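Here's the structure, in structure tokens; my notes come after.
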Amino acid sequence: MMSLRLALPLAAGMALAASLPAAADDWPAPIQALEQQGLTVHGEFDAPGGLKGYGASIRGQSVAAYLTPDGEHAVVGTLIDDQGRDVSAEPLEQLVDGPKNAELWKAMADHHWVREGDADASRVVYTFSDPNCPYCRKFWQDAQPWVENGDVQIRHLMVGVLKADSPEKAAAILAADDPSAAIAEHYRTGAMPDSEGTDQSEQWVADNTQVMRDAQLYATPVIFYQDDDGEVHKVMGAPSPDKLRTIMGSDSP
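As structure tokens, then:
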């Protein structure tokens, strides 16, 4: 199926469908064909230009599909309005990313994470971190002003996904007397703690890694934060300065 970038005027009142079909068999034939090609369809939304939009995902990434007015064809890609704005951004957030992120937030809270920062800090940020990840180190460095000021606590879920020795390194960090200090020292200097992984810490790493894989996330860091409305958002990779301020909830102290 060809990916197309379409430019159409944004229709006023674009809204999510009030209810979802009971089964995949209820989708139009072109949308069912996309499912057979690997897309998971989460719901539908009204789109401009006589199109019907569908919020979908594939390999952990959200994507929009659009059914043509004749009901016989579908295109997958980015639909933009006459101002260059992606009209699928909000529907995808509500239909696909938002529910998945909220579910993952609960799963992360129930797994083994290492807190960095003040336990009383109201701003909580989760991140999947690999000891061999340079972008995890970059995020750690950039986040320090907020952490040191007591504004934010970062909860590291150590995983082993990038290199063959990543699980061993992650398990050693979790087995340290002070895992938070071990993370900081590792990202500051590259040094590893003297501790060796234990059966327990190796299991923690395996469990955290499985959570990440179940969410179809394959690179680090993957950062999660809640906005002022409690909505959970995901950022992949080292964030830009503007995005970092959004994650942390304020300008740098």
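Going by this note's numbering, the residue at position 211 of the sequence shown is 1102; the numbering climbs one at a time, nothing skipped.
For glycine and all other residues, C-beta sits at the position ideal for the given N, C-alpha and C.
Note that this is a predicted model, so its numbers are computed, not measured.
Between which two residues does the beta strand (DSSP E) harbouring K943 extend? First-last of the beta strand (DSSP E) with K943: 943-949.
Using only the alpha-carbon positions, how far apart do M1079 and Q1032 sit? Note on identity: in this sequence residue 1079 is Arg, with Met being the wrong assignment. Straight-line Cα distance between these residues: approximately 8 Å.
Identify every residue that forms a DSSP beta bridge with K1134. Under DSSP, K1134 forms no beta bridge with any residue.
Do you know how far the Cα of H1047 is from the Cα of H1002? Cα-Cα distance, rounded: 10 Å.
Taking contact to mean at least 3 C-beta pairs separated by less than 8 Å, is the stretch 1019-1033 in contact with the stretch 1101-1119? Because the criterion of three Cβ pairs below 8 Å is met, the stretch 1019-1033 and the stretch 1101-1119 touch.
Grouping DSSP H, G and I as helix and E and B as strand, with all else coil, what is V1052? Secondary structure at V1052: coil, using DSSP grouped into helix, strand and coil.
Please list, in chain order, all residues of the same chain as V987 whose beta carbon is under 6 Å from its beta carbon, the five residues on each side excluded. The answer, listed in chain order, is H933, G946, S948, S953.
Let's test the definition: count the other Cβ atoms within 10 Å of the Cβ of G1088 and tell me whether it reaches 16, buried, or not, exposed. It counts as buried.
Using a Cβ-Cβ cutoff of less than 8 Å, which residues in the same chain neighbour A1082 once the five nearest sequence positions on both sides are dropped? The beta carbon of A1082 sits closer than 8 Å to those of E1076, all from its chain and outside the five residues before and after it, given in chain order.
Suppose you measure from the CA of A923 to the CA of Q1107; what does that come to, to the nearest Å? Before going on, a small fix: residue 923 reads as Gln here, not Ala. Q923 and Q1107 have their C-alpha atoms spaced approximately 22 Å apart.
Pick from L930, N1099, V1038: whose alpha carbon is nearest that of S1141? Nearest option by C-alpha distance: V1038.
Assign E935 to one of three DSSP states: helix, strand, or coil. Three-state DSSP puts E935 in a strand.
Can you give the Cα-Cα distance for P912 and A920, rounded to whole angstroms? Residue placement at P912 cannot be trusted, given a pLDDT of 41 that sits under 50; the coordinates are not used to answer.
Near A1073, what residues of its chain come up, given a Cβ to Cβ distance below 6 Å and the 5 sequence neighbours on each side ignored? Within the same chain, A1073 has close Cβ partners I1064, A1067, P1084.
Start and end of the alpha helix (DSSP H) containing M1083? Per DSSP, M1083 belongs to no alpha helix (DSSP H) and is neither H nor E.
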